[in-house]
Every structure is written in structure tokens, then in C-alpha cells.
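> There's a structure below that I have some questions on.
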Amino acid sequence: MNKEPKLEESKNEERFCRTPDEPTIRIRDVHKSFGRTHVLRGVNLEVKCGQTMVVIGGSGTGKSVLLKCIIGLLRHDRGEILVDGQEISHLKEKEWNQLLRKFGMVFQRDALFDSITIWENVGFGLRQHTHLTDEEIKAIAVEKLKLVGLQGIEDRMPAELSGGMRKRVSLARAIAMDPSIILYDEPTTGLDPVMANVINELMVQMREKLEVTSIVITHDMESAYRIADQIAMLYKGEIIQVGTPEEIRNTSNEVVRQFVQGEVEGPITRGKDFGRVDLQPARRYS
Ligand SMILES: Nc1ncnc2c1ncn2[C@@H]1O[C@H](COP(=O)(O)OP(=O)(O)OP(=O)(O)O)[C@@H](O)[C@H]1O
Ligand SMILES: [Mg+2]
11 MNKEPKLEES
21 KNEERFCRTP
31 DEPTIRIRDV
41 HKSFGRTHVL
51 RGVNLEVKCG
61 QTMVVIGGSG
71 TGKSVLLKCI
81 IGLLRHDRGE
91 ILVDGQEISH
101 LKEKEWNQLL
111 RKFGMVFQRD
121 ALFDSITIWE
131 NVGFGLRQHT
141 HLTDEEIKAI
151 AVEKLKLVGL
161 QGIEDRMPAE
171 LSGGMRKRVS
181 LARAIAMDPS
191 IILYDEPTTG
201 LDPVMANVIN
211 ELMVQMREKL
221 EVTSIVITHD
231 MESAYRIADQ
241 IAMLYKGEII
251 QVGTPEEIRN
261 TSNEVVRQFV
271 QGEVEGPITR
281 GKDFGRVDLQ
291 PARRYS
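Each residue of the sequence shown is one higher than the one before, starting from 11 at the first, in our numbering.
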């Protein structure tokens with residue numbers, strides 16, 4: 011086991027939150043449909059500078075769609091998404107590219123490029139957006155890989171890695187450019203408990219030492235309680251509650267309570283057949 015990751019405090023003044031009460035990300039009445047599927051139905055959410063917002067919600071409720079709208083991979087149909095006060099859909103290409111450099115994103119499915127090495131994957135943004143030499147990029151990639159508990163794999167290809175290792179490479183890539191905003195889509199899914207906690211600790215350090223503003227999607231409530239300043243629950247296309255981990259743990263909202271406690275009975279499953287499968291003895295074929 012590698013020793014715990016450590017981050018050096020940032021020397022980059024730009025990263026520090028000058029107006030910590032101002033939201034870095036402000037989402038107002040955002041709607042997004044795919045054909046007749048109305049996924050986001052008026053999402054409102056604010057993430058203050060340097061804070062970690064965890065978004066929870068059932069599978070298929072639109073959590074990944076929300077992150078992709080924030081980073082501009084999907085265009086929202088209605089409403090506003092402001093990042094550092096700028097509505098993202100109004101930006102020209104050059105402004106948009108500048109804004110994108112502030113972001114790091116960990117995709118739900120790691121989205122690594124299979125035809126290039128691990129260090130080239132991690133350094134992909136650096137190669138696109140800086141004038142660093144390959145040697146310098148590789149050194150940064152090795153350092154970021156170490157932070158996520160991976161050493162000596164920089165020259166390997168993605169296909170040679172396990173799912174959990176790929177996920178951590180994707181995390182190293184997200185932090186390679188020292189972003190001020192990181193969007194994590196299920197960063198600990200598929201990791202063993204020790205590695206999941208290494209990543210939880212890394213996310214906490216990113217907030218505490220580098221004042222990174224984050225949105226984290228997770229189904230892992232232990233991780234959510236540990237890393238969040240605020241937790242928001244997405245249900246039926248809207249954010250139905252936002253609160254501190256303590257408030258969410260003791261919520262009186264029945265939907266949120268059922269979700270965080272993982273109960274089979276409750277408003278989320280009412281009228282559905284979940285958990286009521288009438289199993290018949292298996293037929294044997296001769
Ligand atoms: N590009 C797309 N085209 C059409 N429909 C899409 C697209 N992306 C997402 N959807 C639909 O939007 C809905 C929300 O998907 P999303 O991936 O955001 O769910 P999620 O909350 O992230 O679920 P999970 O927890 O399983 O990852 C689903 O019904 C999905 O089928
Ligand atoms: Mg998802």
C-alpha cells in the first residue's frame with residue numbers, strides 16, 4: 011500500500027477563492043430532454059467556491075447528464091448554468107476553451123484513449139493546452155499517478171489495467187492540469203475499500219489544500235458523508251433537498267431517507283414491483 015497522497019499547497023493565486031460566498035457554479039431552472047424523455051425538469055443548485063457538493067439520486071435520474079451539461083458536453087434546453095458568473099451557453103469558442111481549462115472531469119466510464127500509453131492519457135490536456143515538453147508532461151503524469159496510488163504503470167497501455175486502475179488513471183488525468191473545478195462522476199465505483207478511501211482522502215485534500223470546487227456523484231453514502239460540504243438529491247428531474255451531511259442523515263424527507271438508508275419500502279419504490287419477485291423453483295431440463 012502506498013503512503014497517503016499528499017498535495018502541496020497551491021502557489022497559483024488564481025486558484026484561491028477570493029469571494030468564498032459567491033457560487034462558482036450556479037444552476038437555475040435547468041431542463042434537458044432527449045426526445046420525449048424529460049430528464050432534467052428545472053434543476054436548481056449552487057456550489058460555493060472551494061466547496062464539495064455531492065449529488066445523489068437513483069440510477070437513470072440524470073446525474074451524469076447534469077455534469078455533462080455543466081461542462082458543455084451536452085447543451086441544456088432551458089435555464090442557466092453559470093460558471094464563475096458566466097453563462098456557459100453564451101461563450102464564444104475561445105472563452106469557452108479558457109473556461110474548460112479550469113475544469114477536470116472524472117467520467118463514469120473512464121473514457122481513456124486505448125491507443126496511447128497511460129502517461130500520455132494523463133498528460134493529454136497538458137499536451138493540448140501547454141508548451142511543456144514530453145519529458146515535463148511525463149514527469150507531471152507520474153506525480154499525479156502517484157497521488158492516486160499508481161506507480162510504475164506510466165508506460166503501460168490502458169488495456170493492460172484493471173477497471174479500478176483505469177478509474178484512478180482517469181482521476182489522475184482530471185487533476186493533471188491543476189483545475190480549480192473538478193466534476194467527479196462516481197469516482198470510487200469499482201474500487202476496493204482501501205483504494206476508495208485513498209480517493210476520498212484525495213478529494214478532501216483537493217478541497218482543503220487547493221480550494222478546489224467540486225461536484226461529486228456517488229452512490230456510496232459513507233463516501234458522501236465523509237467528503238461533502240453539502241449533499242443534494244436529484245429525484246424526478248429536480249433537486250428535492252440540499253443539506254449538510256448531518257441534515258441529510260437526519261432528513262425528514264421520506265424520499266431522501268429511503269434513498270440514503272437504502273430501504274426497499276418507501277415512496278421511491280411504492281407501486282413498483284422492486285423487491286417483490288416471486289421466485290419459482292428452477293425448472294430442470296433433462
Ligand atoms: N446522449 C443521450 N441520448 C439519449 N438519452 C440519454 C443520453 N444520455 C442520457 N440519456 C438518458 O437520460 C437519462 C439519465 O441518464 P444519466 O446517465 O444522467 O443517469 P444517471 O443518473 O447518471 O444514472 P446512473 O446512476 O445509472 O449512472 C436516462 O434515461 C438516459 O437513458
Ligand atoms: Mg451516471
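Glycine residues also receive a C-beta, built at the ideal position from the N, C-alpha and C atoms. From a predicted model like this one, the values you see are computed outputs, not experimental measurements.
#1: Which of the three DSSP states, helix, strand or coil, is assigned to Ser-180?
#2: Spatial neighbours of Tyr-295 within its chain, please: C-beta separation below 7 Å, excluding the five flanking residues on both sides.
#3: Which same chain residues, not among the five before or five after Asp-165, have their C-beta less than 6 Å away from its C-beta?
#4: Are Gly-276 and Gln-268 touching if we call contact CB-CB under 7 Å?
#5: Thinking C-beta only, is Leu-50 closer than 7 Å to Gly-247?
#6: Grab the span of the alpha helix (DSSP H) containing Ala-234 for me, first residue to last.
#7: Using the Cα positions of Ile-81 and Asp-39, report the straight-line distance between them to the nearest angstrom.
#8: Inspect the beta-carbon positions of Asp-195 and Ser-69 and report whether they are closer than 7 Å.
#9: Check whether the Cβ atoms of Gly-114 and Ile-185 sit closer than 7 Å, and answer yes or no.
#10: To the nearest angstrom, how far is it from the Cα of Arg-28 to the Cα of Leu-83?
#11: With distance defined between alpha-carbon atoms, name the residue in Gly-162, Gly-174, Glu-153 nearest to Met-187.
#12: May I ask you to report which of helix, strand or coil DSSP gives Pro-33?
#13: Give a yes or no on whether the C-beta atoms belonging to Thr-198 and Ile-191 are separated by under 7 Å.
#14: Leaving out the 5 sequence neighbours to the left and right, which residues in its chain are closer than 6 Å to Gln-290 when beta-carbon positions are compared?
#15: Per DSSP, what kind of secondary structure is Ser-74 in: helix, strand or coil?
#16: With a threshold of 16 other CB atoms inside 10 Å of the CB of Phe-44, please say whether the residue is buried or exposed.
#17: Assuming contact is defined by CB atoms lying nearer than 7 Å, are Ala-149 and Trp-129 in contact in what I supplied?
To lay it out plainly:
#1: Helix, per DSSP.
#2: Closer than 7 Å at the Cβ level, and outside the excluded window around Tyr-295, lies no residue.
#3: Correct list, in chain order: Thr-127.
#4: Using a Cβ distance threshold of 7 Å, Gly-276 and Gln-268 count as a contacting pair.
#5: When the beta-carbon positions are compared, Gly-247 and Leu-50 come within less than 7 Å of each other.
#6: For Ala-234, the uninterrupted alpha helix (DSSP H) run begins and ends at 231-237, by DSSP.
#7: Looking at the two C-alpha atoms, the distance is approximately 17 Å.
#8: No, Cβ-Cβ distance for Asp-195 and Ser-69 is not below 7 Å.
#9: Gly-114 places its beta carbon less than 7 Å from that of Ile-185.
#10: Answer to the nearest angstrom: the Cα atoms are 28 Å apart.
#11: If we check each option's Cα against that of Met-187, Glu-153 comes out closest.
#12: If DSSP states are grouped into helix, strand and coil, Pro-33 belongs with the strands.
#13: No, these two residues do not count as a Cβ contact at 7 Å.
#14: Taking Gln-290 as the centre and dropping the five residues before and after it, the same chain places no C-beta closer than 6 Å to its C-beta.
#15: Here DSSP, grouped into helix, strand and coil, assigns Ser-74 to helix.
#16: Counting C-beta atoms within 10 angstroms of its own C-beta, Phe-44 has fewer than 16 neighbours from the protein chains shown and is therefore classed as exposed.
#17: No, the Cβ-Cβ distance between Ala-149 and Trp-129 is not below 7 Å.
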